[in-house]
Amino acid sequence: MDFGSHMVVNASHSHMTCGMPAMTSPMPPALTRPIPTRPLPRRPLLARPLLARRLLTSAALAAALPLMPAPALAEEVASEAATGGAVTLEPLTVTARRRAEQAGDAPVAVTVIAADRLGEAGVRDLDDAARAVPNATYSPQGGPLTIRGIGSLGMSGGVDRQPGVGLFVDDVYIARPNGYPTAFQDLDRVEVVRGAQSTLYGKNTIGGAVNLVSPVPGADPGITATAGLGSDRRLEMQGVLDTPLGEAGAAADLAVRAMIGLTRDDGFIRDDASGNRLGRTDRMAAKLAIGGMLDDATEVMIRADLSRDRDDGGLAYAPLPLAFDHRSTHDTEGERSLDTAGLSAKLTHDFGAVVLSSVTAIRGHDLDHVLDGDFMALPYYVQAQTEEQRQVSQELRLSSPEDGRRFGWSTGLFYMREDFKAAQFYDFTTVPRADWSRSGFDQTTDTASAFGEARVQVLPSVDVTAGLRYTREWKDTTSEITSPSGNMMMGAPMRVSGDADFDDVSPEMTIRWRPVAHGITTFARVARGFKSGGISPYPELDGSINRYDPETVTTFEIGAKTLWLDDRLAIDLTLFRNDWKDQQVVIYTSPLTRVLRNAARSTSEGAEIEARAQIAEGLGLRLAYGYLNAHFDDFVDSIQGADYSGQDLPYAPEHTLALGLDLNRPVAPGVDLVAGVDYSWRSSMSFTPASDYRQGETHLVDGRIGFDTGAWAATLWARNLFDEEYLTYYYDMGGSDVGVAGRGRSLGLTLTGRW
1217 MDFGSHMVVN ASHSHMTCGM PAMTSPMPPA LTRPIPTRPL PRRPLLARPL
1267 LARRLLTSAA LAAALPLMPA PALAEEVASE AATGGAVTLE PLTVTARRRA
1317 EQAGDAPVAV TVIAADRLGE AGVRDLDDAA RAVPNATYSP QGGPLTIRGI
1367 GSLGMSGGVD RQPGVGLFVD DVYIARPNGY PTAFQDLDRV EVVRGAQSTL
1417 YGKNTIGGAV NLVSPVPGAD PGITATAGLG SDRRLEMQGV LDTPLGEAGA
1467 AADLAVRAMI GLTRDDGFIR DDASGNRLGR TDRMAAKLAI GGMLDDATEV
1517 MIRADLSRDR DDGGLAYAPL PLAFDHRSTH DTEGERSLDT AGLSAKLTHD
1567 FGAVVLSSVT AIRGHDLDHV LDGDFMALPY YVQAQTEEQR QVSQELRLSS
1617 PEDGRRFGWS TGLFYMREDF KAAQFYDFTT VPRADWSRSG FDQTTDTASA
1667 FGEARVQVLP SVDVTAGLRY TREWKDTTSE ITSPSGNMMM GAPMRVSGDA
1717 DFDDVSPEMT IRWRPVAHGI TTFARVARGF KSGGISPYPE LDGSINRYDP
1767 ETVTTFEIGA KTLWLDDRLA IDLTLFRNDW KDQQVVIYTS PLTRVLRNAA
1817 RSTSEGAEIE ARAQIAEGLG LRLAYGYLNA HFDDFVDSIQ GADYSGQDLP
1867 YAPEHTLALG LDLNRPVAPG VDLVAGVDYS WRSSMSFTPA SDYRQGETHL
1917 VDGRIGFDTG AWAATLWARN LFDEEYLTYY YDMGGSDVGV AGRGRSLGLT
1967 LTGRW
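Position one of the sequence shown corresponds to residue 1217 (the working numbering), numbered consecutively onward.
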């Protein structure tokens, strides 16, 4: 079982049993009808009363914001438009292609979330970031990070869990989702690159990449302190120190930046059995960076980070219908301890004719987690999980100078070793001799790759980039099931060991056309992503090793990035298709055991539109819309005999929409009014390959308003303003529907001081 956030969904289907009675709580009236396996025909948006109310209310809030600081804003906008005023969009710099460039010039589908949108009142974590990106989803409690429907369907209980979308922290790949940062703290920006990535990153990815970029020490010297209070007794404190170190040598210019943060809350789910709260947060995090120029040609950056989570896993498991009321019932209180840490060193030296960069890193995490496995106030079943992960990586890259030459190139080598140990424990307290059976998994993975790409300007307005990556991966795995008491709930005791190796050649090619007209970039791109196979923690039905093969995704994209109205309006459009072959999927052999199969072939295709508009000085508008048609072309469950061909891919809503309005205008000498509204909508999506469990469409509205003098700021914020009820994850627990609710309405105040 994946220890993720679960919340219950409505559906009628047959269940497997697990030696305990199935939950028979009645479904809420609105959820008793069977959910169709294909989406119903959609009515026009404003013909749906709930959506119409949310849109109209959000529009009213957005419309009111500009009126608060300046009643004459409409005349100002008209005047600026007539005179061609100097109000323009802020440029967005990205390093999505391993070089600094303007987002509008990069021939790749990328969303950039800048620092002013990150933090307590804005984008807090990866879940928030996914809602701001077209065709992206994420649930930190168990759902995979997906882009365009592509993620990890090959998650065997969260143990052999290779992500389909890569996450990089300051150029360092994070191999396991439990090693992801649980919150965004002290970041300069977040870049989300969509589509398979072959030659740009140290690790090949099939769905896309998320880059978390930290600030450069010395860029913003001073001290910043933040304190916040919110619903559910939320407390958040953070301090940042950024200061130059002075000249350490004749030409050295170094600086240091340090951050420490604390976040706590009591959770938002009430446990009927104990009266306690579930889903609580208790997190501490710290970051340290030291770097700068050692001389005119050499730059060094050393970064360290650590985090400590002590909570119940952020989980609020509940049977229907309790979860929809933010209620649950447990006889065992969950406990989770998660520690993550990382250290990296980046060295860049410009030799003149060539630039050398090196990224060396070590990372790891430790997890201990105990939870009530039956999600009831009855002593049936307790489950525990442990993980210990360590990874060491080295990337070397040589590239040509970025000086506008007609020909450019980049080549490099990458190596990573990961040691991963995990165990799951099961205690069926009402079954004789069924105490603490153990399923263990121990794997060492070595990855080595060589990559390169070349760019040539074939015409004044046309350049072509072509690249290639060779990857080889070795896996050495041991799995075992032990039962000191003779419990056979998970099958007979066994121990299997094996090794496997895989290799792949992944090409990528991009054609970019920038016509003479200012502010237009068009591109066509094709790339192949690769994710290796492996050995499952669970054996085949006959007791032999369960091996599975690699999966690949080929991405086809055409796009256009445009600037209009004297650089006041930017509109990006991308059309795409992904062919997902030899797809790794989980097939259950019992309620507690499963195997991995290359059983599926899928297609995802659609369109994405992103827009930014600077309506007037201090008033900006954002839009991100995605249309997605993602389905299984061929998927037959060889064990259960089910045919899922034609069904929607899990976590792949057909429509995603994010709208934002940001206001920053002076209201008095030295005082700015800062306000904003964000609205996100997702159409219905399935949680399972069968598409019989679907989360209905969700609408979330966040708002914030405050004052900023430069030296201090105060912000009132609201998240999920209309208290939308929705699921973040669903799980069929041996015949019982369980899941985790999304957090309801929360309010808060954040104070910031700067020195």
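Even for Gly, the Cβ is constructed at its ideal location relative to N, Cα and C.
Relative to the ligand NAP, is the shortest distance from any of its heavy atoms to the C-beta of residue i smaller than 7 Å?
| i | result |
| --- | --- |
| Pro1731 | The ligand NAP is absent from the structure shown, which contains no ligand whatsoever. |
For residue i, count neighbouring C-beta atoms within 10 Å of its own C-beta (all shown protein chains included) and say buried if the count is 16 or more, exposed if not.
| i | result |
| --- | --- |
| Glu1407 | buried |
| Trp1780 | exposed |
| Asp1387 | buried |
| Leu1877 | buried |
| Pro1905 | buried |
| Arg1486 | buried |
| Leu1757 | exposed |
| Asp1619 | exposed |
| Tyr1686 | exposed |
| Ser1355 | buried |
| Ala1312 | buried |
| Val1732 | exposed |
| Ile1439 | exposed |
| Val1570 | exposed |
| Gln1856 | exposed |
| His1915 | buried |
| Asp1192 | Because the chain is modelled from 1217 through 1971, residue 1192 falls outside the range shown and cannot be assessed. |
Report yes if the CB atom of residue i is closer than 8 Å to the CB atom of residue j, and no otherwise.
| i | j | result |
| --- | --- | --- |
| Arg1347 | Phe1792 | no |
| Glu1689 | Arg1711 | no |
| Ser1713 | Thr1738 | no |
| Gly1359 | Thr1770 | no |
| Leu1587 | Gln1599 | yes |
| Ala1846 | Gly1411 | no |
| Asp1482 | Arg1449 | yes |
| Asp1788 | Glu1826 | yes |
| Ile1518 | Ala1502 | no |
| Tyr1867 | Arg1810 | no |
| His1581 | Arg1392 | yes |
| Ala1325 | Glu1634 | no |
| Asp1918 | Ala1934 | yes |
| Arg1526 | Ser1573 | no |
| Gln1972 | Val1303 | Residue 1972 lies beyond the residue range present for the chain, which begins at 1217 and ends at 1971; the question has no answer from this structure. |
| Thr1564 | Glu1603 | no |
| Gly1382 | Tyr1389 | yes |
| Ser1609 | Gly1418 | yes |
| Thr1459 | Ala1471 | yes |
| Gly1444 | Gly1964 | yes |
| Ala1786 | Arg1838 | no |
| Leu1334 | Phe1384 | no |
Hey, quick one: how far does the alpha helix (DSSP H) through residue i stretch, first residue to last?
| i | result |
| --- | --- |
| Gly1345 | First, the amino acid is wrong: residue 1345 is Ala here, not Gly. Segment 1342-1347, the alpha helix (DSSP H) holding Ala1345. |
Under DSSP, the beta strand (DSSP E) around residue i begins and ends at which residues?
| i | result |
| --- | --- |
| Phe1484 | Unbroken run through Phe1484: none, as it is neither H nor E. |
| Trp1971 | Per DSSP, Trp1971 belongs to no beta strand (DSSP E) and is neither H nor E. |
| Phe1851 | 1835-1851 |
| Tyr1895 | 1887-1898 |
| Tyr1389 | 1388-1390 |
| Thr1904 | Counting along the chain, Thr1904 falls outside any beta strand (DSSP E), and DSSP gives it neither H nor E. |
| Ser1665 | 1653-1675 |
| Ser1368 | Here Ser1368 belongs to no beta strand (DSSP E), and DSSP marks it neither H nor E. |
| Phe1400 | Taken as a continuous stretch (DSSP letters only), Phe1400 belongs to no beta strand (DSSP E), as it is neither H nor E. |
| Gln1413 | Neither: Gln1413 is in no beta strand (DSSP E) and is coded neither H nor E. |
| Phe1384 | 1381-1385 |
| Pro1882 | 1871-1884 |
| Pro1356 | Per DSSP, Pro1356 belongs to no beta strand (DSSP E) and is neither H nor E. |
| Gln1454 | 1450-1462 |
| Val1426 | 1424-1429 |
| Glu1689 | 1678-1698 |
* To do: May I have a chain-ordered list of the beta strand (DSSP E) segments no shorter than 3 residues that lie completely inside the segment 1745-1825?
  => 1767-1780, 1785-1804
* Any chance the segment 1656-1675 sits against the segment 1449-1465, with 3 or more Cβ pairs inside 8 Å? -> no
* Answer yes if the segment 1310-1329 comes into contact with the segment 1846-1859, meaning at least three C-beta pairs across the two stretches below 8 Å, and no otherwise. => no
* Touching or not, the segment 1674-1689 and the segment 1713-1727, by the rule of three or more beta carbon pairs under 8 Å? -> yes
* Spell out a yes or no on whether the segment 1429-1436 and the segment 1552-1562 are touching, meaning 3 or more CB-CB pairs, one atom from each, closer than 8 Å. => no
* **Unbroken stretches of the beta strand (DSSP E), 3 residues or longer, contained in the segment 1558-1610** => 1571-1588
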